[in-house]
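Reviewing the structure listed below.
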Amino acid sequence: MKITESRTILFRNTMSITDGHLDGFRKAIAQAVAFTEEHGPQLMVEVFIDEKRMLAYSFQLYRDSDAIRAHWRLSDPYIREVMEHCTVRHFEIYGEPDDDIMAALKTPDGESFPVTHTPRLAGFTRLAHPHPTA
Numbered sequence: 000m001k002i003t004e005s006r007t008i009l010f011r012n013t014m015s016i017t018d019g020h021l022d023g024f025r026k027a028i029a030q031a032v033a034f035t036e037e038h039g040p041q042l043m044v045e046v047f048i049d050e051k052r053m054l055a056y057s058f059q060l061y062r063d064s065d066a067i068r069a070h071w072r073l074s075d076p077y078i079r080e081v082m083e084h085c086t087v088r089h090f091e092i093y094g095e096p097d098d099d100i101m102a103a104l105k106t107p108d109g110e111s112f113p114v115t116h117t118p119r120l121a122g123f124t125r126l127a128h129p130h131p132t133a
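Residue numbers (numbering that gives the first Met the number 0): 0 to 133.
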């Protein structure tokens, strides 16, 4: 098996939606995703919601650590709005982000929500959508 090099990083964020905030969460996520689709560096963003358990799952694929930094700079107001309606239950990182990205996941007092980090072994990305035929 040939193992290829890649700097792509995948985030999986599990969020608990605050009781009474489902509509606000939906609205904030929709605005954040719309902004990111227009301006963000992500290769992919998908958000899934389990209303029964009041959980949401966000997947974001980045080309590299620079793309993560750019996203954080651009999207901070939208991230803050989303966080008014939920808490991070668990955050998973797949790939090899820079040390400063890992450090940024800590709160100012050094605490953090639960984070796991799994280095990449192998894979590929095929995200381009086929063009519809006329």
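A virtual CB, placed ideally from N, CA and C, is assigned to each residue, including glycine.
Tell me the rounded alpha-carbon separation between residue i and residue j.
{"i": "I67", "j": "A103", "result": "11 Å"}
{"i": "Q59", "j": "H20", "result": "23 Å"}
{"i": "K51", "j": "G23", "result": "16 Å"}
{"i": "Y61", "j": "D18", "result": "31 Å"}
{"i": "S57", "j": "D98", "result": "22 Å"}
{"i": "R25", "j": "A121", "result": "34 Å"}
{"i": "V81", "j": "L42", "result": "20 Å"}
{"i": "H38", "j": "E83", "result": "22 Å"}
Roughly how far, in whole angstroms, is the beta-carbon of residue i from the beta-carbon of residue j, given that I think they are within contact range, below 8 Å?
{"i": "I16", "j": "C85", "result": "5 Å"}
{"i": "V46", "j": "A55", "result": "6 Å"}
Looking only at its chain, what residues have a beta carbon closer than 7 Å to the beta carbon of residue i, apart from the 5 residues adjacent to it on each side?
{"i": "R119", "result": "S5, Y93, G94 and E95"}
Can you find the residues in the same chain that come closer than 6 Å, C-beta to C-beta, to residue i, ignoring five residues on each side of it along the sequence?
{"i": "T117", "result": "Y93"}
{"i": "A69", "result": "P40"}
{"i": "D63", "result": "R6"}
Looking only at DSSP bridge pairs, what is residue i linked to?
{"i": "Q59", "result": "F10 and V44"}
{"i": "F90", "result": "N12 and V114"}
{"i": "L54", "result": "S15 and D49"}
Beta-carbon within less than 8 Å of residue i's beta-carbon, same chain only, minus the 5 sequence neighbours each way: which residues are those?
{"i": "R88", "result": "T13, M14, S15, L54, F112 and P113"}
For a cutoff of 9 Å on Cβ pairs, would you count residue i as touching chain C?
{"i": "A103", "result": "Absent from the structure: chain C. Only one protein chain is present."}
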